[in-house]
Amino acid sequence: MAEKNSEENLMEKIVSLCKRRGFVFQGSEIYGGLAGTYDWGHFGVALKNNIKNSWWKKFVDGRRDMYGVDAAILMNSKVWEVSGHVAGFSDPLVECEKCKKRFRADQLEDVKKCPECKGKLGEVRQFNMMFATKIGAMEDSASTVYLRPETAQGMFVNFKNTVDAFHPKLPFGMAQIGKAFRNEITPRDFLFRQREFEQMEVEYFIRPADWEKYFDYWKGEMTEWMEEVGIDMGKVHELEVLPEDRAHYSKRTVDFEFDYPFGKKELFGLAYRTDFDLKNHKLEYIDEEMGEKITPHVIEPTFGVDRAILALLLSAYMEDEKDGEVRSYLKFKPNMAPVICAVSPLLKNKPELVEYANNKVYAPLKMEFGRVAWDDNGNIGKRYRRQDEIGTPFCIVIDFDTLMDHAVTVRDRDTGEQTRVKVDELQKYIKDKIN
Ligand code: GAP
Numbered sequence: 155m156a157e158k159n160s161e162e163n164l165m166e167k168i169v170s171l172c173k174r175r176g177f178v179f180q181g182s183e184i185y186g187g188l189a190g191t192y193d194w195g196h197f198g199v200a201l202k203n204n205i206k207n208s209w210w211k212k213f214v215d216g217r218r219d220m221y222g223v224d225a226a227i228l229m230n231s232k233v234w235e236v237s238g239h240v241a242g243f244s245d246p247l248v249e250c251e252k253c254k255k256r257f258r259a260d261q262l263e264d265v266k267k268c269p270e271c272k273g274k275l276g277e278v279r280q281f282n283m284m285f286a287t288k289i290g291a292m293e294d295s296a297s298t299v300y301l302r303p304e305t306a307q308g309m310f311v312n313f314k315n316t317v318d319a320f321h322p323k324l325p326f327g328m329a330q331i332g333k334a335f336r337n338e339i340t341p342r343d344f345l346f347r348q349r350e351f352e353q354m355e356v357e358y359f360i361r362p363a364d365w366e367k368y369f370d371y372w373k374g375e376m377t378e379w380m381e382e383v384g385i386d387m388g389k390v391h392e393l394e395v396l397p398e399d400r401a402h403y404s405k406r407t408v409d410f411e412f413d414y415p416f417g418k419k420e421l422f423g424l425a426y427r428t429d430f431d432l433k434n435h436k437l438e439y440i441d442e443e444m445g446e447k448i449t450p451h452v453i454e455p456t457f458g459v460d461r462a463i464l465a466l467l468l469s470a471y472m473e474d475e476k477d478g479e480v481r482s483y484l485k486f487k488p489n490m491a492p493v494i495c496a497v498s499p500l501l502k503n504k505p506e507l508v509e510y511a512n513n514k515v516y517a518p519l520k521m522e523f524g525r526v527a528w529d530d531n532g533n534i535g536k537r538y539r540r541q542d543e544i545g546t547p548f549c550i551v552i553d554f555d556t557l558m559d560h561a562v563t564v565r566d567r568d569t570g571e572q573t574r575v576k577v578d579e580l581q582k583y584i585k586d587k588i589n
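Just so we're on the same page, the working numbering is the position in the sequence shown counted from 1, plus 154.
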């Protein structure tokens with residue numbers, strides 16, 4: 155079977171697969187949707203959890219110098235004044251005088267002519283991307299709060315709490331996974347540009363003189379993690395972001411870009427935030443080793459969960475052809491797959507097969523791995539196709555021979571190869587494959 159990662163209509167195929175197989179749905183779909191929002195189905199949640207767990211394992215649990223945080227999404231609006239987001243977190247907006255549609259000026263070839271109706275576009279103005287809401291019963295200016303546009307500030311404002319509670323020595327980091335919200339002018343390209351999304355961020359506090367060393371170090375760590383989860387590194391490119399394109403807080407930014415079907419665009423970012431945030435929040439660190447008070451500098455590796463998933467789906471999507479029939483499948487690494495294995499009795503109307511499959515195979519595997527599916531719907535060929543599309547690496551079939559020899563057929567997603575494995579060796583067999 156010749157496999158290929160077919161680029162033709164790839165986005166349409168991914169979006170359709172995500173809906174059909176219960177990964178991702180349009181937000182509020184039954185009411186016509188809400189632009190820039192998506193809802194996650196059972197297998198999407200599993201994939202998201204695998205991504206987040208792998209990130210947390212590598213960058214928090216796997217280290218001695220990292221402290222986790224889970225800060226509130228609503229924060230005192232002073233945070234966003236001090237961080238520079240109220241004044242500067244904006245995109246250039248233009249509105250068509252004829253059809254009234256709005257566009258991001260920096261994404262247009264011609265900022266004078268509407269790309270939709272060819273009408274005249276108005277003046278470019280800055281549009282702040284933070285969602286504002288009101289807190290409490292009084293609707294005055296003092297009650298304005300913002301939904302956080304980055305998780306980073308939740309860590310900076312807990313810098314002192316973390317230092318006081320854990321007394322970390324420099325360098326050390328804080329890490330957080332959580333939702334972020336941006337009122338994007340033109341949400342687009344499925345999970346790529348949304349109004350509500352998730353971030354995984356590290357703020358790594360260092361002595362100022364060490365910034366170049368740790369910038370390079372984190373570039374390596376980010377690359378390693380992308381490889382570990384199975385992002386196609388042939389499609390990842392580093393971009394040195396020009397000073398005029400950098401965020402207001404950054405003195406150096408490298409973007410990791412990905413070759414999406416809609417172009418080469420940002421996947422993740424790495425920024426040298428200097429002492430911009432801690433200084434503005436008036437936060438300091440007593441360096442006992444040096445006997446002085448300093449404001450540490452910050453290296454920030456930042457990852458979008460949703461873009462990680464989009465890149466992973468695009469990396470894993472494969473098609474092959476056998477006897478004129480095209481098969482599509484998601485070639486996830488076994489530890490990333492939403493379902494590790496599916497258990498199938500050959501026939502669902504044979505109680506002896508169903509009972510064996512349930513008691514001797516499914517129940518113990520479910521207890522051990524959790525992400526195990528029971529699949530007895532349709533013929534075996536259909537079950538394999540369904541599991542291939544979900545990305546399940548192993549399908550286990552219980553047939554009449556099983557009742558005699560206590561062995562099952564394990565079918566490999568990628569090669570289609572079938573192996574007979576003793577039931578009491580099944581867990582070890584799968585564990586070895588995962589590792
Ligand atoms: N704290 C730094 C920060 O927020 P950013 O480059 O603006 O930096 C970090 O965002 C990451 O969040 C991006 O690299 C991307 O993966 C993700 N991201 C940003 N905007 C997004 C959006 N509208 N939809 C989905 N993901 C987004």
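Glycine is no exception: its CB is placed at the ideal position from the N, C-alpha and C atoms.
So, with DSSP's three-state summary, where would you put residue i?
| i | result |
| --- | --- |
| Thr-377 | helix |
| Asp-409 | strand |
| Phe-346 | coil |
| Phe-285 | coil |
| Arg-481 | strand |
| Val-311 | coil |
| Asp-586 | helix |
| Pro-461 | In the sequence as displayed, the identity of residue 461 is Arg instead of Pro. DSSP places Arg-461 in helix when its eight states are reduced to three. |
| Ile-227 | coil |
| Lys-211 | helix |
| Thr-316 | helix |
| Phe-326 | strand |
| Gly-384 | coil |
Would you call residue i buried or exposed, if buried means 16 or more other Cβ atoms sit within 10 Å of its Cβ?
| i | result |
| --- | --- |
| Leu-464 | buried |
| Asp-567 | The identity of residue 567 in the sequence shown is Arg, whereas the question assumes Asp. Arg-567 is buried by the Cβ-count criterion. |
| Cys-268 | buried |
| Thr-287 | exposed |
| Cys-547 | The sequence given here has Pro at residue 547, not Cys. Its Cβ being crowded by 16 or more others within 10 Å, Pro-547 is buried. |
| Tyr-185 | exposed |
| Glu-352 | buried |
| Ala-622 | The first residue shown for the chain is 155 and the last is 589, placing residue 622 beyond what the model contains. |
| Met-328 | buried |
| Cys-250 | buried |
| Lys-418 | exposed |
| Val-223 | buried |
| Arg-349 | buried |
| Phe-554 | exposed |
| Thr-305 | buried |
| Phe-416 | exposed |
| Ser-170 | exposed |
| Thr-556 | buried |
| Gly-374 | exposed |
| Arg-174 | exposed |
| His-451 | buried |
| Gly-290 | exposed |
| Gln-572 | exposed |
How many Å lie between residue i and residue j at the Cα?
| i | j | result |
| --- | --- | --- |
| Leu-466 | Gly-545 | 12 angstroms |
| Glu-443 | Ala-241 | 38 angstroms |
| Ala-259 | Cys-172 | 31 angstroms |
| Pro-505 | Tyr-483 | 31 angstroms |
| Gln-330 | Phe-310 | 11 angstroms |
| Asn-512 | Arg-539 | 22 angstroms |
| Met-354 | Ala-226 | 15 angstroms |
| Phe-320 | Glu-392 | 35 angstroms |
| Arg-361 | Pro-325 | 7 angstroms |
| Leu-188 | Gly-198 | 19 angstroms |
| Met-292 | Asp-429 | 36 angstroms |
| Val-395 | Arg-406 | 7 angstroms |
| Val-564 | Asp-441 | 58 angstroms |
| Ala-527 | Asn-163 | 30 angstroms |
| Asn-531 | Arg-537 | 7 angstroms |
| Pro-397 | Glu-270 | 32 angstroms |
| Lys-514 | Val-577 | 8 angstroms |
| Asp-460 | Arg-525 | 21 angstroms |
| Thr-316 | Leu-500 | 56 angstroms |
| Leu-421 | Glu-411 | 5 angstroms |
| Asn-207 | Pro-303 | 22 angstroms |
| Phe-523 | Ile-494 | 8 angstroms |
| Tyr-192 | Phe-344 | 8 angstroms |
| Gly-332 | Leu-275 | 37 angstroms |
Closer than 7 angstroms: is that where the CB of residue i sits relative to any heavy atom of the ligand HEM?
| i | result |
| --- | --- |
| Glu-304 | Ligands in the displayed structure: the ligand GAP; the ligand HEM is not one of them. |
- Query: Unbroken alpha helix (DSSP H) runs of length 4 or more, entirely within the stretch 486-565: which are they?
  - Reply: The DSSP assignment places 505-510, 517-523, 534-544 and 554-559 as complete runs of the alpha helix (DSSP H) inside the stretch 486-565, in order along the chain (cut-off: 4 residues).
- Task: With a floor of 3 residues, list each beta strand (DSSP E) that falls wholly inside the stretch 167-197, ordered by position along the chain.
- Result: Listed in chain order, the complete beta strand (DSSP E) runs (minimum 3 residues) inside the stretch 167-197 are 178-180 and 192-194.
- Could I get the ranges of all uninterrupted alpha helix (DSSP H) runs contained in the stretch 387-443, with 4 residues as the minimum, in chain order? Entirely contained in the stretch 387-443, the alpha helix (DSSP H) runs reaching 4 residues are, in chain order, 430-434.
- Task: Enumerate, from N- to C-terminal direction, the unbroken beta strand (DSSP E) stretches of 3 or more residues contained entirely within the stretch 245-308.
- Result: For the stretch 245-308, whole beta strand (DSSP E) runs of length 3 or above, ordered along the chain, are 256-258, 279-282, 286-288 and 298-301.
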